[in-house]
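Protein chains in written order, with my numbering: chain G, 36 to 412; chain Y, 36 to 412. Even for Gly, the Cβ is constructed at its ideal location relative to N, Cα and C. A short worksheet on the structure shown next.
Number of protein chains: 2
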Amino acid sequence: MAGSIPLFAGHPAHDLLPIADFQAIVDAAWSKPDVVRLFNYGDEQGDARLIGFLARRLLEAEGLRVGRENLMIIGGATWGVNMLTQQLTAPDDVILVDSPSYRDALHIFRDQELEIRSVPIDSGGINIAALTETVHALVEAGKTPKFYYVVPNFQNPTGITLSRERRLAIIKLSRRFGFSIIEDDVYRDIRFVGELPASLYALAKGKNVFRLGTFSKTLAPGLRVGWLVADSEWIERFVGSGLLKMGGGANPFTAAVVADYCLSGRWEGHVAWLRDQYQRRCEVALAALRETMPDSVRWTRPRGGYFIWLTLPPNAHVDDLELAAKQERVYFASGKGFFVNPADGKRHLRISFSYVPLDDMRRGIGTLGELIKRLSR
Amino acid sequence: MAGSIPLFAGHPAHDLLPIADFQAIVDAAWSKPDVVRLFNYGDEQGDARLIGFLARRLLEAEGLRVGRENLMIIGGATWGVNMLTQQLTAPDDVILVDSPSYRDALHIFRDQELEIRSVPIDSGGINIAALTETVHALVEAGKTPKFYYVVPNFQNPTGITLSRERRLAIIKLSRRFGFSIIEDDVYRDIRFVGELPASLYALAKGKNVFRLGTFSKTLAPGLRVGWLVADSEWIERFVGSGLLKMGGGANPFTAAVVADYCLSGRWEGHVAWLRDQYQRRCEVALAALRETMPDSVRWTRPRGGYFIWLTLPPNAHVDDLELAAKQERVYFASGKGFFVNPADGKRHLRISFSYVPLDDMRRGIGTLGELIKRLSR
Numbered sequence: 036m037a038g039s040i041p042l043f044a045g046h047p048a049h050d051l052l053p054i055a056d057f058q059a060i061v062d063a064a065w066s067k068p069d070v071v072r073l074f075n076y077g078d079e080q081g082d083a084r085l086i087g088f089l090a091r092r093l094l095e096a097e098g099l100r101v102g103r104e105n106l107m108i109i110g111g112a113t114w115g116v117n118m119l120t121q122q123l124t125a126p127d128d129v130i131l132v133d134s135p136s137y138r139d140a141l142h143i144f145r146d147q148e149l150e151i152r153s154v155p156i157d158s159g160g161i162n163i164a165a166l167t168e169t170v171h172a173l174v175e176a177g178k179t180p181k182f183y184y185v186v187p188n189f190q191n192p193t194g195i196t197l198s199r200e201r202r203l204a205i206i207k208l209s210r211r212f213g214f215s216i217i218e219d220d221v222y223r224d225i226r227f228v229g230e231l232p233a234s235l236y237a238l239a240k241g242k243n244v245f246r247l248g249t250f251s252k253t254l255a256p257g258l259r260v261g262w263l264v265a266d267s268e269w270i271e272r273f274v275g276s277g278l279l280k281m282g283g284g285a286n287p288f289t290a291a292v293v294a295d296y297c298l299s300g301r302w303e304g305h306v307a308w309l310r311d312q313y314q315r316r317c318e319v320a321l322a323a324l325r326e327t328m329p330d331s332v333r334w335t336r337p338r339g340g341y342f343i344w345l346t347l348p349p350n351a352h353v354d355d356l357e358l359a360a361k362q363e364r365v366y367f368a369s370g371k372g373f374f375v376n377p378a379d380g381k382r383h384l385r386i387s388f389s390y391v392p393l394d395d396m397r398r399g400i401g402t403l404g405e406l407i408k409r410l411s412r
Numbered sequence: 036m037a038g039s040i041p042l043f044a045g046h047p048a049h050d051l052l053p054i055a056d057f058q059a060i061v062d063a064a065w066s067k068p069d070v071v072r073l074f075n076y077g078d079e080q081g082d083a084r085l086i087g088f089l090a091r092r093l094l095e096a097e098g099l100r101v102g103r104e105n106l107m108i109i110g111g112a113t114w115g116v117n118m119l120t121q122q123l124t125a126p127d128d129v130i131l132v133d134s135p136s137y138r139d140a141l142h143i144f145r146d147q148e149l150e151i152r153s154v155p156i157d158s159g160g161i162n163i164a165a166l167t168e169t170v171h172a173l174v175e176a177g178k179t180p181k182f183y184y185v186v187p188n189f190q191n192p193t194g195i196t197l198s199r200e201r202r203l204a205i206i207k208l209s210r211r212f213g214f215s216i217i218e219d220d221v222y223r224d225i226r227f228v229g230e231l232p233a234s235l236y237a238l239a240k241g242k243n244v245f246r247l248g249t250f251s252k253t254l255a256p257g258l259r260v261g262w263l264v265a266d267s268e269w270i271e272r273f274v275g276s277g278l279l280k281m282g283g284g285a286n287p288f289t290a291a292v293v294a295d296y297c298l299s300g301r302w303e304g305h306v307a308w309l310r311d312q313y314q315r316r317c318e319v320a321l322a323a324l325r326e327t328m329p330d331s332v333r334w335t336r337p338r339g340g341y342f343i344w345l346t347l348p349p350n351a352h353v354d355d356l357e358l359a360a361k362q363e364r365v366y367f368a369s370g371k372g373f374f375v376n377p378a379d380g381k382r383h384l385r386i387s388f389s390y391v392p393l394d395d396m397r398r399g400i401g402t403l404g405e406l407i408k409r410l411s412r
């Protein structure tokens, strides 16, 4: 639709997809003697070359030593969240999430009829005192949570990164009370500045942490290729599950091509380029916010990822803004979807700087600024 | 491993994969203006062009009129069985399967902690009297089954096709007692001779039947693309589920390329060619069985699909045969995996004619014949 500005869209802009490079990789694949591995069932654990690449990269990029037995290829991080939920829980089990948390993960947890308890976050991630209190109350009620789900770096929807100190506190709690941690680390490589804290997986020395990664943000979402890092006993169990036995591993065709792409050395270069692109996009969005938002609006200043989280003045309601913006053909993600109790999101919205062209981004944010001024009068 | 004969392998032989044609389709995709749809998130319902193709084909091939709202693209039939099980059941629910039934579906049902009741089949499919009795007993015990799972055409592992009369009887029972039917129809297009009965979905006029299809048998398993036909309300519900919301529909890259392949007209030609190839392979296997098996061995004579099911003489045990065959580097699927109670499969084995070269097939079957003679002495 010409003229509409989808600030809700959390996926890469078209010009950020490495289509020409990917084409070169696919072109080369046809003449390889093992081309058949693209087409037939593969190992349940997933493409072995890609597993080897990922193990090496975790060592080089993070100093994290994991064996092949700690890795498996999955059909995107989504697929992983769904599989982990399916394997680790039964209906009515309790799980823990951030407030706000990733909307579509909440959707999966609701689908599987879990009882979702959310704990507020601030600029350093989840509030540890509140988390501790929640866990204690649950354990006392005989309802020990099964896992804590978190997007630790540049969280969706807020862009916030969980601090190292809090990561350690969470691990301590998880050990004391016997719950697992699902670390949905899909934005790690889209880091603009500085260093990230070590992953929960690394800090916990691999025990009871399930760490998900993906090529959706750094290559292309349409390929549906990601990975899981976990304790080898768990990997063995997942690899032996019915879903993988039947399907011959996750997406053999696209996983094999992604392996070729990574092993060609192109991926690292593309990621470095992407970081600059997303940083530029983020800066444009933040500048537009500074220029156009009334003083009563607050927002996060992410150091990576795709998203900025806005908080409206007390007398404004996101439903009114959504309705008014729709008339101007500007679309954002209402805060309500990111909370277990949607009303908690009535003064919030998420905008994404990953997708829309820069001019549209400026125009869309400008429109939102005008509308908020008008609505909060 | 040189010299080993994997008669267990239920996937296409390398020379049956249309790699060159598929390459031509992919080559052409790069220069299309909508190439980006291969790389980004797509509709939750799946590739719209592929859905359109499938709706037209169901009409042309079977006279079955389904709307786009009755179809969705899935990441292979496996993915569909897993999703349906997840959506339709909770742990400890009862479901019904054939005895024997598809091993890897049993695996999924066990993973999800279902109570699996199996009902014997004969050359026309499930025994309706036994099914009726089982359902009555379950309903009386307050445990109405959630669904009956069946591979209706050229069943895995037996190659048996469910008769039209029994399909109608199953639908009648399912309506009376309120259980669903999962019709895992993955071998339909690999039909050598004659006509198939109308699908359970067609006979039930689309009510309470979930029909799965796949490109794994007629194109390539490594692409992970299949489809689900169901009532539009169910499709809407599945499309809105967390798994699909998060993933942007099933495998956008490979689904888009499969759509191009199908719309080019190449698929129909390839399927016709494949039927001849598999028929030839099946005939070679059946001839080898006639020539080499002792009179005390019985086997099915499938009219399509990938598999032949063997029944050993009363004094033979499949474990002994498996051990002896392994020493000769001949491998088959033991019957034990296809039964809820593995001991029921101790006189059975499945061999596949889809994968090994014809000479190996003759040699492997010959070896099995010799070993059975020796073991049943």
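Distance, K381/G Cα to D69/G Cα: Their Cα atoms are separated by approximately 54 Å.
Nearest neighbour of Q314/Y, chosen from Y341/Y, K181/Y, E326/Y [CA to CA]: Y341/Y
Cβ-Cβ distance between G45/G and S387/G below 8 Å: yes
Buried or exposed (CB count within 10 angstroms, at least 16 for buried), V260/G: With 16 or more other Cβ atoms within 10 Å, it is buried.
Top-ranked residue by Cα proximity to T113/Y, from A172/Y, Y137/Y, F182/Y, A64/Y: The shortest Cα separation from T113/Y among A172/Y, Y137/Y, F182/Y, A64/Y belongs to Y137/Y.
Contact set for L89/G: own chain, Cβ-Cβ below 7 Å, skip 5 residues either direction: L106, W262
Contacts of L85/Y in chain G (Cβ-Cβ under 9 Å): Those do not exist, as L85/Y stays about 14 Å from chain G at its closest Cβ, beyond 9 Å.
Cross-strand partners of P41/G (DSSP beta bridge): Y366/G
Chain-ordered chain G contacts of L52/Y [CB-CB under 8 Å]: V71, F74, N75
In DSSP terms, what S134/G is bridged to: S134/G is bridged to P155/G.
6 Å Cβ shell around R91/Y - same chain, five flanking residues per side excluded: none
Best match in I225/G, V244/G, I156/G, K240/G for proximity to E218/G [C-alpha to C-alpha]: V244/G
S389/Y vs R316/Y beta-carbon contact at 8 Å: yes
Rounded straight-line distance, which links the Cα of L173/Y to that of N376/Y: Straight through space, the alpha carbons of L173/Y and N376/Y are spaced by roughly 19 Å.
Three-state secondary structure assigned by DSSP to W65/Y: coil
Which listed residue (R201/G, K252/G, P155/G, G87/G) has its alpha carbon closest to that of A239/G: R201/G
Run of the alpha helix (DSSP H) containing G399/G, from where it starts to where it stops: 393 to 410
Own chain, CB closer than 8 Å to S215/G, minus 5 neighbours either side, in chain order: L123, K181, F182, Y183, S209, N243, V244, F245
Buried versus exposed call for Q121/G [16 or more other C-beta atoms within 10 Å across all chains shown]: buried
Buried or exposed (CB count within 10 angstroms, at least 16 for buried), W308/Y: Exposed is the label assigned to W308/Y, since fewer than 16 other Cβ atoms lie within 10 Å of its Cβ.
The region 234 to 260 of chain Y: positions lying closer than 9 Å to chain G by Cβ: S251, L254, A255, P256, G257, L258, R259
Partner residues on chain G for T289/Y, Cβ-Cβ distance less than 7 Å: F288, T289
Nearest-angstrom Cβ-Cβ length linking V264/G and V101/G, presumed shorter than 8 Å: 6 Å
Spatial neighbours of P337/G in its chain, beta-carbon cut-off 7 Å, leaving aside the 5 residues before and after: F189, G194, C317, I343
Simplified DSSP assignment, three categories, for M107/G: strand
Test: G110/Y CB closer than 8 Å to a CB of chain G: Taking 8 Å as the threshold, the shortest C-beta distance from G110/Y to chain G falls below it.
Beta-carbon separation (whole angstroms), Y366/G vs L42/G, contact threshold 8 Å: 6 Å
Given Q312/Y as reference, the closest of I40/Y, P47/Y, G38/Y, S39/Y once Cα atoms are compared: Nearest to Q312/Y by alpha-carbon distance, out of I40/Y, P47/Y, G38/Y, S39/Y, is P47/Y.
Within chain Y, partners of P126/G - CB distance below 9 Å: Within 9 Å Cβ-Cβ: A125, P126.
Min CB distance Q190/Y to chain G below 8 Å: no
Proximity test, Cβ basis, 8 Å: S153/G and chain Y: No, S153/G does not count as interfacial toward chain Y.
Cβ shell of A37/G (< 6 Å), same chain only, five flanking positions each side left out: Note that A37/G scores 46 on pLDDT, short of 50, meaning its location in the model is unreliable and no value can be drawn from it.
Every unbroken alpha helix (DSSP H) within the region 79 to 105 of chain Y, with a cutoff of 4 residues, ordered by chain: 83 to 97
Local conformation of R338/Y per DSSP, three classes: coil
DSSP bridge partner residues for T167/G (one or two, in chain order): According to DSSP, which records beta bridges pairwise, T167/G is partnered with nothing at all.
Three-state secondary structure (DSSP) of I225/Y: coil
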